[in-house]
Amino acid sequence: MTPSGVTSYYLHDGQGSVRGLTNSGGSTTDTYAYTAFGELYSQTGTTVNNYLYTGQQFDSLTGLYDLRARYYDPSYGRFISRDTDNFTINDPTDFNRYSYTASDPIDNFDPSGYQSLTEYSMFKEENLQNIGEIQQVGRITKAMYDIVDLVMRAKYYIAFLSNLAYLTAKNLTAGVGLVQDLETGQVSFVFAFNGDQPYFLNRALDMLGWTGEESTPLGDTIINNLPNYEDYAINGNLHAESLIKGWADANGYEVLGIGISRVTGVCQLCWAIFEGGDVPVFWSNWWADKYNLP
89 MTPSGVTSYY LHDGQGSVRG LTNSGGSTTD TYAYTAFGEL YSQTGTTVNN
139 YLYTGQQFDS LTGLYDLRAR YYDPSYGRFI SRDTDNFTIN DPTDFNRYSY
189 TASDPIDNFD PSGYQSLTEY SMFKEENLQN IGEIQQVGRI TKAMYDIVDL
239 VMRAKYYIAF LSNLAYLTAK NLTAGVGLVQ DLETGQVSFV FAFNGDQPYF
289 LNRALDMLGW TGEESTPLGD TIINNLPNYE DYAINGNLHA ESLIKGWADA
339 NGYEVLGIGI SRVTGVCQLC WAIFEGGDVP VFWSNWWADK YNLP
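Put into structure tokens, the structure is as follows:
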């Protein structure tokens, strides 16, 4: 951030909370420490900064965090208003409509005020044994990435959307692409939902906590909602797999691999695009058991 012409850089911990600020020379100017539920109990420095616990915006006048759908009170560890979304009937913790992260702020966080997210590393560890056989279409040309991680990252984005679980599974494909900048060689992740279901797309982005910044809670670049993203589709196909490939081709990236989460696997239109090509697309038939989906 650069208020009044003075630049400060954010330092985050593994949960995304701001633990410090540095100046342009790399020296620490401010530090922050929090309780488990986000109360600020220790602070040094005087830099004006509203982004604190889990990287969310704090209102110093009310003592509340703005989590978009609702305001969160860290002093009580709960929201000040009721969750208006549907609840997961087989999850007892979801019946408390005011709780924050199902009362487990150490392992979970909530970027939107709707739904708590499990930290990705924990999600991956818990579900590795259930991922099942990974399938693929297309040829493998590079072995510089973790295939399981590509698939698991895609499943992570779908799994926490339990309020939309059935409809999401049937109507959305989450795709994660590992791409390499052809000019710099830098490798990064990009993320896309298929674009032909606008209601589910916008709802899912809202629950991810997307606010116009082009990144997900895992830091992956969101391809959806980039200007004229329809132009990056292949043969008019806006499915996540081909959207990643089209965007990469148009922006100077090579796709090293794509992981998807979709109940029925790769769609037929995308299969035809990637079959025999140099971009491998991976998926598994595993789905989150707690949603009782096929």
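In terms of this note's numbering, the sequence shown opens at residue 89 and continues consecutively.
Every residue, glycine too, gets a C-beta built ideally from N, C-alpha and C.
Segment contact, 8 Å Cβ cut-off, at least three pairs: the region 325 to 345 with the region 232 to 239: Segment contact: the region 325 to 345 against the region 232 to 239, three or more CB-CB distances shorter than 8 Å; contact assigned.
Three-pair Cβ contact test at 8 Å for the region 314 to 324 versus the region 206 to 221: In the pairwise beta carbon analysis, the region 314 to 324 is classified as not touching the region 206 to 221: fewer than three pairs are separated by under 8 Å.
Three-state secondary structure (DSSP) of Arg166: Position 78 of the sequence shown holds residue 166. Arg166: strand per DSSP, three-state reduction.
Three-state class that DSSP yields for Val236 in the structure shown: For the purposes of this step, residue 236 is taken as residue 148 along the sequence shown, with counting starting at 1. The answer is helix: DSSP assigns Val236 an H, G or I state.
Euclidean distance between Cα positions of Leu331 and Gln103: Mapped onto the sequence shown, residue 331 falls at position 243. Mapped onto the sequence shown, residue 103 falls at position 15. The straight-line gap from Cα to Cα measures roughly 30 Å.
Those residues which DSSP pairs with Arg211 across a bridge: Reading the sequence shown from its first residue, position 123 is the one you call residue 211. Position check: residue 211 holds Phe in this sequence, whereas Arg was assumed. When beta bridges are read from the DSSP output, Phe211 appears opposite no residue.
Beta-ladder partner(s) of Trp359, from DSSP: Here residue 359 is taken as the residue at index 271 of the sequence shown, counted from 1. Answer is none; Trp359 lacks a bridge partner.
Three or more C-beta pairs below 8 Å linking the region 103 to 117 and the region 130 to 148: Taking a contact to require three or more Cβ pairs closer than 8 Å, the region 103 to 117 and the region 130 to 148 qualify as touching.
Whole-angstrom distance between Asp308 and Asp366, CA atom to CA atom: Locating residue 366 in the sequence shown gives position 278, counting from the first residue. Locating residue 308 in the sequence shown gives position 220, counting from the first residue. The alpha-carbon atoms of Asp366 and Asp308 are separated by roughly 23 Å.
Nearest-angstrom Cβ-Cβ length linking Ile228 and Pro368, presumed shorter than 8 Å: Here residue 228 refers to the residue found at position 140 when the sequence shown is read from its first residue. Here residue 368 refers to the residue found at position 280 when the sequence shown is read from its first residue. Indeed, because the Cβ distance is near 5 Å, the residues count as touching under 8 Å.
is_contact[Tyr202, chain B] using C-beta, thresh 8 Å: Considering every chain present, this structure includes no chain B. It has just one protein chain.
Backbone CA spacing between Ala360 and Thr116 [nearest angstrom]: Residue mapping note: residue 360 aligns to position 272 of the sequence shown, counting from 1. Residue mapping note: residue 116 aligns to position 28 of the sequence shown, counting from 1. Annotation: Ala360 to Thr116 spans about 53 Å, alpha carbon to alpha carbon.
Through-space distance from Tyr245 to Ala121, alpha-carbon basis: Counting from one through the sequence shown, the residue named residue 121 turns up at place 33. Counting from one through the sequence shown, the residue named residue 245 turns up at place 157. Straight through space, the alpha carbons of Tyr245 and Ala121 are spaced by roughly 29 Å.
Check: Ser163 C-beta below 7 Å from any heavy atom of the ligand SAH: Annotation note on the ligand SAH: not contained in the displayed structure, which lists no ligands.
Nearest candidate by alpha-carbon position, reference Val354, set Gln223, Ser209, Lys333: For this step, residue 354 is matched to residue 266 along the sequence shown. Considering only alpha carbons, the answer is Gln223.
Nearest-angstrom Cα separation, counted from Asp237 out to Glu207: Counting from one through the sequence shown, the residue named residue 207 turns up at place 119. Counting from one through the sequence shown, the residue named residue 237 turns up at place 149. Distance between the alpha carbons of Glu207 and Asp237: 14 Å.
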